[in-house]
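Engineer:
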Ligand SMILES: *Cc1c(COP(=O)(O)O)cnc(C)c1O
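Residue numbers (our numbering): 687 to 1188.
#1: Secondary structure at residue 853, three-state DSSP: helix, strand or coil?
#2: Could you tell me the distance, in whole angstroms, from the CA atom of residue 1140 to the CA atom of residue 1160?
#3: How is residue 931 classed by DSSP in three states: helix, strand or coil?
#4: Output needed for residue 1154: all residues of its chain with C-beta closer than 7 angstroms, excluding positions within five of it in sequence on either side, in chain order.
#5: Counting only the same chain and skipping the five closest in sequence on each side, list residues whose C-beta sits under 7 angstroms from that of residue 902.
#6: Report the residue from 867, 850 and 848 whose alpha carbon sits nearest the alpha carbon of residue 856.
#7: Would the stretch 877-887 and the stretch 1010-1027 be scored as touching if the rule is three or more Cβ pairs under 8 angstroms?
#8: For residue 781, which of helix, strand or coil comes out of DSSP?
#9: Any heavy atom of ligand 1 closer than 7 angstroms to the Cβ of residue 836?
#10: Excluding the five sequence neighbours on either side, which residues of its own chain have a C-beta within less than 8 angstroms of the C-beta of residue 1105, listed in chain order?
#11: Leaving out five residues on either side along the sequence, give the residues of the same chain with a beta carbon under 6 angstroms from the beta carbon of residue 1129.
#12: Quick one: residues in its chain with C-beta nearer than 7 angstroms to the C-beta of residue 733, no 5 flanking neighbours on either side, listed in chain order?
#13: Looking only at its own chain, which residues have a Cβ that is under 7 angstroms from the Cβ of residue 796, when we skip the five neighbours before and after it?
#14: Using 8 angstroms as the threshold, is the C-beta distance between residue 827 and residue 851 below it?
#15: How would you write the range of the alpha helix (DSSP H) that residue 1054 sits in, first residue to last?
#16: Nearest by alpha-carbon distance to residue 875: which of 849, 882, 951 and 900 is it?
#17: Taking the alpha helix (DSSP H) that residue 694 falls in, what are its first and last residues?
#18: Measuring alpha carbon to alpha carbon, tell me which of 707, 716, 1026 and 725 ends up nearest residue 973.
#19: Are at least three pairs of beta-carbons, each pair with one atom in the stretch 915-931 and one in the stretch 956-966, less than 8 angstroms apart?
#20: What residue range is occupied by the uninterrupted alpha helix (DSSP H) comprising residue 816?
So, in structure tokens, the structure goes:
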């Protein structure tokens, strides 16, 4: 199976090339030229497998220049019981919020307590195998822009992986204290972390610019390096995320919550549009999905886009208590638009150019209609997010993080408005302990709280009778290793300096 660029169909690469490169040379994103089709009996076969078995089947169908042994090795190394605290890395928790069933898909049982682990524990294995096939004599320099969770998950996935170096850029005031501590204490001999004076979009734009800077690429090439990406612009990030939608469906069938062939909805707390796009690929492969519920925080550029067909990032940027969704340029929307226009690369290129130059674009009415037939959007501000966390825990006994709460809120609004009773999978994307302060405030009913992050975490644990994930508890005693803060214009210099290239 081949992949082509969203903005130029003539650029065609193999699966391993798509993963090794991360982004196309023309700045477009790689998309599969055909999508594997699963019948209901194929899905039935998945219900008999465990998570690793499901992952092997799905990854194998997309990565046809990998051998079966290679796929098996990647999956078995990534999704171990040790790393994910049990046999199923993506378990469902069946909850109730008032009359509404909440089928919570907990995607944060990995080593960094956010759903990014689902992809970033396997990406290093996929990437190193891809590099061996495409450029065996080069060392990969992985650049990551992060709104908090990707950075840590990528550092943890790539640390001490032979043939790779990893550098992470995060917005200096745009991540939670726990997220910052996770990154600045990162261990490993091939890692570097840099805060930038700017927001996530600045970091992402800076990284994208470096990736397409031909002079810089040449300089690295002469020194035996090549750039690659661990952001969700890389197909190797997106693909593993398709698996948990099939897995959730299979579990619901096995648990008697739905019958094989029944439709489900998905509700996804969304930032860069990677997670929800993975569910769309699952749908295109044959998973019976009725509606995609795209949940945003106050940075509700996607809510407006789904409602109006106009994407406009020229608006206030809010630093919210769900910082991993504080994003105004949702990279993966580009892939979605490509599929929604049946592969109209010229149209996608036009919109993306307009986004770069004007900060906005409007899709045609046919495309807008196609989108709103299956997607619905909504948003939830910080006040409401806290309210939802408090009510969900205090009344119904389930503790969720700030991002998950956004999806719960938007889903509740959707059910109230539509009366749609379709069983719905709600993605839970982080452990509440990653955003301890906001979560504690939400459940504490106005009582006085400690200032120290780790005291807060302990108090949250005591109050809610839930456990602090061990890797987060261990951060308290770790040394800080990375303190560099740089201007957003100086990111390339940081890269060269870290590599010792002049
Ligand atoms: C990254 C992240 C999101 C947003 O996911 P996208 O794939 O970027 O839409 C939501 N919640 C958490 C906790 C995250 O880390």
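By construction, the Cβ of each residue, glycine as well, lies at the ideal position given by its N, Cα and C atoms.
Structural biologist: In this structure, then:
#1: strand
#2: 10 angstroms
#3: In the structure shown, residue 931 falls within a helical segment according to DSSP collapsed to helix, strand and coil.
#4: 1119, 1143 and 1147
#5: 896 and 1178
#6: When C-alpha distances from residue 856 are compared across 867, 850 and 848, the shortest belongs to 867.
#7: yes
#8: strand
#9: yes
#10: For residue 1105, where only same-chain residues beyond five positions count, there are no Cβ hits under 8 angstroms.
#11: 1076 and 1079
#12: 936, 939 and 940
#13: 769, 770, 775, 803, 804 and 807
#14: yes
#15: Residues 1051-1060.
#16: Considering only alpha carbons, the answer is 849.
#17: Where residue 694 is concerned, there is no enclosing alpha helix (DSSP H), although the beta strand (DSSP E) it sits in stretches over 694-700.
#18: 725
#19: Contact between the stretch 915-931 and the stretch 956-966 is present, because at least three Cβ pairs lie under 8 angstroms.
#20: Run containing residue 816: 809-820, per the alpha helix (DSSP H) assignment.
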